[in-house]
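Notes to accompany the following structure.
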Amino acid sequence: MAMPIGSKRDDDMPSTPSSHHDSDFKRSSSHLRSGREAFGKVIRSWASKKFMTGCVILLPIAITFYTTWWLIQFVDFFSPIYFHIGINIFGLGFATSISFIFLVGVFMSYWLGASILRLGEWLIKQMPFIGHIYNASKQISSAISPDQKTQAFKEVVIIRHPRLGEYAIGFITSTLVLQSYSADEELCCVFIPTNHLFVGDIFLVSSKDVIRPNLSVREGIEIVVSGGMSMPQILSITQRENTQLNRSQSSRSRGQI
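Following this note's numbering, the numbering of the sequence shown begins with 96 at its first residue and continues without gaps.
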């Protein structure tokens, strides 16, 4: 269809100032909306990070205070006695409990106390079900005992396990001598914890293949309980282990020659 002479299409019509104003308003409103969304994302990200930082800082503090409070209530077994007597002094039961534990430790270090303890242990072990509970509990307590004679974990060691180039941290529980026709060999009974401190595997490792780091038994227990998070960044081996390594390296070099 032919267009009349002098007529113009809508595309050829000049834009009015109102149309320019509407388009500028839409662009500005879209930019403002996107700016608000970006600002909101930044604020939410900042708030979530700060909240997680607060949780990370407060969680170990809360667990420490809660565990300490539970331990105080667990150890404080004299407060009910004082309560029935009518004495209500804050901290008296806990102080009495600590003093009682200290006196028991002093008394059991002498011959009379040790004899009474052995007699009591013998009586408890004769009970069918309670004896097993006592044996397990005593093994747990002896693992961190300060007495080297009764301490279950003698020393923290590192052995090559399970494959070449991989190492595992463990505890020496005892030593033995393996007798053979050629020569006797000293073996270390190494306990490697798996999913728990007192659940694991036992390996008989030659004393020459045992690596002894400069870690105490308490530090080794902390490493196992924390899942390796308390592991120091640098480990050094003792002088005894250095001497053994030098000897093994020299013997290997001689064998190659």
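From the three backbone atoms N, C-alpha and C, an ideal C-beta is built for every residue, glycine too.
Strand pairing of residue i, partner residues [DSSP]
i	result
Tyr161	For Tyr161, which the question treats as bridged, DSSP gives no partner whatsoever.
Asp296	Ile287
Pro175	None, per the DSSP bridge assignment.
Ile306	Ile253
Burial state of residue i, where buried means 16 or more other Cβ atoms lie within 10 Å
i	result
Ile267	buried
Ala157	exposed
Phe224	exposed
Phe286	buried
Leu310	buried
Lys254	The identity of residue 254 in the sequence shown is Ile, whereas the question assumes Lys. The residue in question, Ile254, is buried, as its Cβ has 16 or more Cβ neighbours within 10 Å.
Ile211	exposed
Gly265	buried
Residue i versus residue j - alpha carbon distance
i	j	result
Ile219	Asp171	24 Å
Ile152	Phe146	10 Å
Phe173	Phe189	7 Å
Ile196	Ser140	51 Å
Gly295	Glu216	26 Å
Ile316	Ser236	13 Å
Leu198	Ser204	10 Å
Leu166	Ile193	12 Å
Ala247	Glu314	15 Å
Gln221	Ala209	19 Å
Thr176	Ile138	The amino acid occupying residue 176 in the given sequence is Ile; Thr does not appear at that position. The alpha-carbon atoms of Ile176 and Ile138 are separated by roughly 56 Å.
Gln351	Ser277	Any reading at Gln351 must be qualified, since the residue scores a pLDDT of 48, below 50, and its modelled position is unreliable; the value itself is stated next. Whole-angstrom Cα-Cα distance: 23 Å.
Ser143	Gly149	10 Å
Phe178	Gly323	44 Å
Thr270	Tyr262	20 Å
Val201	Gln328	39 Å
Leu207	Leu187	29 Å
Glu280	Leu299	11 Å
Leu214	Ile297	31 Å
Ile228	Phe160	29 Å
Proximity below 8 Å, CB of residue i to CB of residue j
i	j	result
Val305	Cys284	no
Ser275	Pro308	no
Val251	Pro288	no
Reduced DSSP secondary structure (H/G/I, E/B, other) of residue i
i	result
Arg255	strand
Glu261	coil
Ile182	coil
Ser210	helix
Leu153	helix
Phe266	strand
Ser311	coil
Ile329	coil
Ser301	strand
Within-8 Å CB hit, residue i to chain D
i	result
Asp279	Protein chain content of the structure displayed is limited to a single chain, and chain D is not contained in it.
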